[in-house]
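**Student:** Under the UniProt record's numbering, think of the first position of the sequence shown as 1, with each following residue one higher.
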Amino acid sequence: MNHGSMSGGEAEKPKGLPFFDYPLEWHSSRTATCREVLTAEECAWSRGNWRYWYISDLVYARAPLWFALATIGVFTLIHLLSRSSSPKSRAKGPLSKVIAGFRYLSYKGYNFRAIRWLTPSLGVLLLTATAIVYLFILTLGPKPYYWPNHGTKSFGNSPPIATRTGWMALAILPFNLALASKSNWITLATGVPHEKLQVFHQYSAWAMLVLALIHTFPFIIYRRSQGDLGAQWTANLYYWTGVAALIPQAYLTFFSWAPLRKRFYEFFKATHILAAVVFIVFFFIHCSFTLTSVDYFIAAGAVYLSGLWYSQLKSLFLYGFSHKAVLTPLPSGMIKAVVPLRSGGAATRAALRLSWHPGQHFFVRFISFRHLGLQSLTSHPFTICSLPPSKDGTSPCEAVFYIESARGVTGRLAAIAQKSPGISIPVMLEGPFGGIALKSFAQFDRAVIIAGGSGAGFTLPLVEDILARQKGRDAKKTLIQVVLAARKPEVREWFVEEIGRLHERYPGAEALSVAIHLTGDSRNGSSGTPSLDEKNIDVKVSSTKSRGEWLQVSQGRPHLSGLLEEWTANAGESVAIAVCGPDSMTHDVREAASLAQTRVLAGRGASEVYLHTEGFSW
Numbered sequence: 001m002n003h004g005s006m007s008g009g010e011a012e013k014p015k016g017l018p019f020f021d022y023p024l025e026w027h028s029s030r031t032a033t034c035r036e037v038l039t040a041e042e043c044a045w046s047r048g049n050w051r052y053w054y055i056s057d058l059v060y061a062r063a064p065l066w067f068a069l070a071t072i073g074v075f076t077l078i079h080l081l082s083r084s085s086s087p088k089s090r091a092k093g094p095l096s097k098v099i100a101g102f103r104y105l106s107y108k109g110y111n112f113r114a115i116r117w118l119t120p121s122l123g124v125l126l127l128t129a130t131a132i133v134y135l136f137i138l139t140l141g142p143k144p145y146y147w148p149n150h151g152t153k154s155f156g157n158s159p160p161i162a163t164r165t166g167w168m169a170l171a172i173l174p175f176n177l178a179l180a181s182k183s184n185w186i187t188l189a190t191g192v193p194h195e196k197l198q199v200f201h202q203y204s205a206w207a208m209l210v211l212a213l214i215h216t217f218p219f220i221i222y223r224r225s226q227g228d229l230g231a232q233w234t235a236n237l238y239y240w241t242g243v244a245a246l247i248p249q250a251y252l253t254f255f256s257w258a259p260l261r262k263r264f265y266e267f268f269k270a271t272h273i274l275a276a277v278v279f280i281v282f283f284f285i286h287c288s289f290t291l292t293s294v295d296y297f298i299a300a301g302a303v304y305l306s307g308l309w310y311s312q313l314k315s316l317f318l319y320g321f322s323h324k325a326v327l328t329p330l331p332s333g334m335i336k337a338v339v340p341l342r343s344g345g346a347a348t349r350a351a352l353r354l355s356w357h358p359g360q361h362f363f364v365r366f367i368s369f370r371h372l373g374l375q376s377l378t379s380h381p382f383t384i385c386s387l388p389p390s391k392d393g394t395s396p397c398e399a400v401f402y403i404e405s406a407r408g409v410t411g412r413l414a415a416i417a418q419k420s421p422g423i424s425i426p427v428m429l430e431g432p433f434g435g436i437a438l439k440s441f442a443q444f445d446r447a448v449i450i451a452g453g454s455g456a457g458f459t460l461p462l463v464e465d466i467l468a469r470q471k472g473r474d475a476k477k478t479l480i481q482v483v484l485a486a487r488k489p490e491v492r493e494w495f496v497e498e499i500g501r502l503h504e505r506y507p508g509a510e511a512l513s514v515a516i517h518l519t520g521d522s523r524n525g526s527s528g529t530p531s532l533d534e535k536n537i538d539v540k541v542s543s544t545k546s547r548g549e550w551l552q553v554s555q556g557r558p559h560l561s562g563l564l565e566e567w568t569a570n571a572g573e574s575v576a577i578a579v580c581g582p583d584s585m586t587h588d589v590r591e592a593a594s595l596a597q598t599r600v601l602a603g604r605g606a607s608e609v610y611l612h613t614e615g616f617s618w
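Structure follows, in C-alpha cells:
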C-alpha cells in the first residue's frame, strides 16, 4: 500500500517468502526523518494532519470505520426500542411518530419503469448517498492530490489521493465481509436480517472498487511521469499484487449486479468464494504489514469467520446428518419438501433443539450425488412454511418447504419428484435466518398477509402462529386477512386445503379470511407476468364463495393499494402487514405501507402500521 513513503529513497525489493519484507513487523514503524532537500517550512507542511503519510491510517482508515460504527449504533438503538415495547405502548407519545418516520424511510421506494428499476427503500438510498458524499469529501477535500515534486525536490513517492483512498478501501473490508455472512454481528445488533443487508454488501463492494481504482491510477500517472513504470512493476511487489487483487475484486463487484447475478447465478455461486479468497490474499500481500493494515485483516477475519463457524458448527452438531426430505410434486409445478423431525428415542430430543420463528428461512443442502451431482455441495435458501415442533408434542414434528421449480437444483428436484413421488433425499439444514423483527403478529389488532404465486407457503406459519397464540383466549382476537395472487389455478388447490386444516384445528379461526385472486387468463389458464399496481382492474369478476364465509376466489388482479388503505383506516388500530411475492407486488405493498406511515404521522387512521417483506431472491 505504501508504494514508497516520505522517509526518502525508493521502496526496496522485498526479500524472502511469501513476498514480505523481513524481518516481519506487526506494524511498520512511524519513525521518519525529513528529506534533506526540503526546507523546515516544507517539511512542516508535509506533516500536516491530512497529508502526513505516517499517520494516514489513523486519519483516513478510521474515518469510514467510525461512520459505519455510528450508523450501526443508531439502528441498534432503534431495534432495541422497537423490541422493548408493544403496539399499545408505541401508539402513545412521541415514540409513535419517531417509529413511523423511520418506517416511512424504510418502506418508501420508487419505480423507474423506463429502466425497469425498483429502487431500494428511501432510507437505504439516503444512507447510501450520505456515505458516498462522506467518502468523496474525504477523497477530494484534502489537498494536494499529487506531491509538488520538481527537480531534486521530492516530498514522497505516494500521491496523497492514492494513499488516503487505499486506507479507506481497506477500512471498509471488515464491514463488507460481515455483511456477506448469513450469521453476522450486524444482524445480531440491529435485527436486520442478512438478506436485507445484502444491498449494503453490494454497495460497500462498489465503494471499495471505486476507491481502489482512485488508489491505482495516480500511481500509474506518477510513475509514467517519472519514466520508471516498467521498472517499478518488475522490482516492486506493490504494483503487481495490487493488480492481482484488483482483477478478482472487479469480477466480484460487477457480477453482483442483479441482472448478471440472476442470469449466471449457479456459475457465480460456484466461483465467488474462490475469487474472494484470491482477492483477500493478494490484498493482504499488497498491504505487507504497512502501518496498522494488518489490524483490518484481523478484524475482517474475526467478524466473518466467527459467523461462518457458528453457522457451520450449529448445522453440524445441532442438526447433524440424520434429516431427510420427502419430496412431493404439487399440481402447480411446485415441490413440497417435508423434513420429519421426530422418530422417537434420542431423535425426539434432537428434534426439539431444532426451532425457528414464522417468516424465517433455512439454507438447505440436498445431498444426492446420484441425482444432483456437484450441486449437492451447494445450499439454497427456502422459507420454512410450518411452525416448529412444540415441546408438548401437540404440533406436527416436521419442517415443510414449498419450492418453486426453476433452473439449477430446484429444476432437478422437480424432475426427481415427478419421476419418484415421495422420494427421500438426505438434507443438511443451516439456519434459521431472517424472519420478522417483532415477536409475533398476534400482538396486533389486524394482520394482513399477502403472497404471490409460490409465496403462498410463506403465509401458512404466520397465520398458524397467530391462531396458536390465541387458542383458548377470551380477549379480542387478531383479525387475519390473507390475500393470494396466483397465475396458476392449481396453486389454489393445495393452498385452500392447508388453510382448511388450520380452520379445523383452531376453533378461533373465525377471525381468518382468505381472498385468492387468479391473475391468469380465465379462458386458457395462462397469462403474462401481471402488473399488480394497475388500479383500473375490477377484481370482482367471477367471484365465488366456498368453505363457508372465510374464502373468496376472484378472477383478476388484487387492488393492493386500495385494500391496504381500507385496512389501515380504522383509528387507533395496530396493523401488521407481511408480503412475499414478485418485486412488483412487494413494491406496491411498500408504497401502501409508506402512505400509511404518513397518516400515522398526521394522527389519522391506524395508530401503528408494521411491514415485513420477504423476497423471492436477493
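Glycine included, every Cβ here is placed at the ideal spot set by N, Cα and C.
Let's test the definition: count the other Cβ atoms within 10 Å of the Cβ of ASN236 and tell me whether it reaches 16, buried, or not, exposed.
**Tutor:** So ASN236 ends up on the buried side.
**Student:** What residue range does the alpha helix (DSSP H) around LEU502 cover?
**Tutor:** Where LEU502 is concerned, the enclosing alpha helix (DSSP H) stretches over 490-505.
**Student:** Compare the Cα-Cα distances from PHE282 to each of HIS323, LEU170 and PRO388 and report the closest residue.
**Tutor:** Minimum Cα distance to PHE282 is reached at LEU170.
**Student:** Within its chain, find whatever has a CB closer than 6 Å to the CB of ALA406; leave out the 5 residues flanking it on each side and keep chain order.
**Tutor:** Excluding positions up to five away in sequence, the list is empty.
**Student:** Taking just the CA atoms, how far does ILE115 sit from THR568?
**Tutor:** Those two C-alpha atoms are separated by around 32 Å.
**Student:** Here's the rule I'm using: 16 or more other beta-carbon atoms within 10 Å means buried, otherwise exposed. How should SER46 be labelled?
**Tutor:** The residue is buried, with at least 16 neighbouring Cβ atoms inside 10 Å.
**Student:** If you drop the 5 nearest sequence neighbours on each side, which residues of the same chain put their C-beta closer than 6 Å to that of LEU564?
**Tutor:** Around LEU564: ALA592.
**Student:** Select from LEU611, ALA602 and THR613 the residue whose C-alpha is nearest the C-alpha of PRO94.
**Tutor:** Of LEU611, ALA602 and THR613, the residue nearest in Cα terms is ALA602.
**Student:** Report the rounded CA-to-CA distance for ILE423 versus LYS324, giving the unit in angstroms.
**Tutor:** So the two alpha carbons sit approximately 10 Å from each other.
**Student:** Just how far apart, CA to CA, sit ILE255 and ALA40?
**Tutor:** Sequence check: residue 255 is Phe here, not Ile. Going from the Cα of PHE255 to the Cα of ALA40 covers about 50 Å.
**Student:** For the alpha helix (DSSP H) containing GLY230, name the first residue and the last one.
**Tutor:** GLY230 -> alpha helix (DSSP H) spans 229-235.
**Student:** Thinking C-alpha only, which one of GLN552, THR165, LEU387 and TYR203 is nearest PHE217?
**Tutor:** For PHE217, the nearest C-alpha among the options comes from THR165.
**Student:** Counting beta carbon pairs with one atom in the segment 365-380 and one in the segment 441-451, are three or more of them shorter than 8 Å?
**Tutor:** No: the two stretches stay apart, fewer than three of their Cβ pairs being nearer than 8 Å.
**Student:** Using 8 Å as the threshold, is the C-beta distance between ILE449 and ALA578 below it?
**Tutor:** Against a cut-off of 8 Å, the Cβ pair of ALA578 and ILE449 comes out as a contact.
**Student:** With C-beta atoms as the reference, is ALA456 less than 8 Å away from PHE401?
**Tutor:** No; because the gap between Cβ atoms is not below 8 Å, this pair is not in contact.
**Student:** Let me confirm a value: ALA451 is counted as buried when at least 16 other C-beta atoms fall within 10 Å, else exposed. Which label applies?
**Tutor:** By the 10 Å Cβ count, ALA451 comes out buried.
**Student:** Determine the closest residue to SER379 out of GLU404, VAL409, LEU81 and LEU77, with distance taken between C-alpha atoms.
**Tutor:** Of GLU404, VAL409, LEU81 and LEU77, the residue nearest in Cα terms is VAL409.
**Student:** Is it right to say SER106 is buried, meaning 16 or more other beta carbons lie within 10 angstroms of its own, or is it exposed?
**Tutor:** Buried, because 16 or more other Cβ atoms sit within 10 Å of the Cβ of SER106.
**Student:** State the beta-bridge partners of PRO426 as determined by DSSP.
**Tutor:** According to DSSP, which records beta bridges pairwise, PRO426 is partnered with LYS324.
**Student:** Short check: CB of PRO340 to CB of PHE363, under 8 Å?
**Tutor:** Contact: no.
**Student:** Give the straight-line distance between the Cα atoms of GLU464 and VAL483, rounded to the nearest whole angstrom.
**Tutor:** Taking the straight line from one Cα to the other gives about 15 Å.
**Student:** Would THR253 and ALA205 qualify as a contact pair, given that the criterion is a beta-carbon distance under 8 Å?
**Tutor:** In this structure, ALA205 lies closer than 8 Å to THR253 by Cβ.
**Student:** Decide yes or no for the touch test of the segment 223-237 against the segment 195-203: beta carbon pairs closer than 8 Å, at least 3 of them.
**Tutor:** The segment 223-237 vs the segment 195-203: no contact.
**Student:** State buried or exposed for PRO507, treating a residue as buried only when at least 16 other CB atoms are found within 10 Å of its CB.
**Tutor:** PRO507 is exposed by the Cβ-count criterion.
**Student:** If you follow the alpha helix (DSSP H) that ARG370 is in, where does it begin and where does it stop?
**Tutor:** 369-372 is the extent of the alpha helix (DSSP H) around ARG370.
**Student:** Which residue or residues does DSSP assign as beta-bridge partners of VAL482?
**Tutor:** VAL482 is bridged to ILE449 and VAL514.
**Student:** Starting from the C-beta of TYR203, find all residues in its chain whose C-beta is less than 6 Å away, skip the five residues before and the five after it, and write them out in chain order.
**Tutor:** If we look at TYR203 and ignore the five residues flanking it on each side, its Cβ neighbours are THR128.
**Student:** Can you give the Cα-Cα distance for TYR146 and ALA63, rounded to whole angstroms?
**Tutor:** Roughly 21 Å separates the two Cα atoms.
**Student:** So which of PHE433, LEU213, SER29 and ILE186 has the shortest CA-CA distance to HIS79?
**Tutor:** Residue ILE186 is the option with its Cα nearest to HIS79.
**Student:** Identify the residues that DSSP records as bridge partners of SER554: which are they?
**Tutor:** The partner list for SER554 (beta bridge, DSSP) reads HIS517.
**Student:** Which one of VAL427, THR31, GLN312 and ARG103 has the shortest CA to CA distance from LEU611?
**Tutor:** It is ARG103.
**Student:** My guess is that GLY109 and HIS587 are in contact by the Cβ rule of under 8 Å, so how many angstroms apart are they, rounded?
**Tutor:** Contact flag correct, Cβ pair sits at about 6 Å.
**Student:** Let's test the definition: count the other Cβ atoms within 10 Å of the Cβ of GLU266 and tell me whether it reaches 16, buried, or not, exposed.
**Tutor:** Looking at its Cβ environment, which holds fewer than 16 other Cβ atoms inside 10 Å, GLU266 is exposed.
**Student:** DSSP three-state call for VAL303: helix, strand or coil?
**Tutor:** Three-state result, VAL303: helix.
**Student:** Determine which residues share a DSSP beta bridge with ASN111 and list them.
**Tutor:** Partner(s): LEU118.
**Student:** With distances taken from CA atoms, which of ALA245, TYR296 and LEU305 is nearest ALA276?
**Tutor:** Checking every option, the nearest Cα to that of ALA276 belongs to ALA245.
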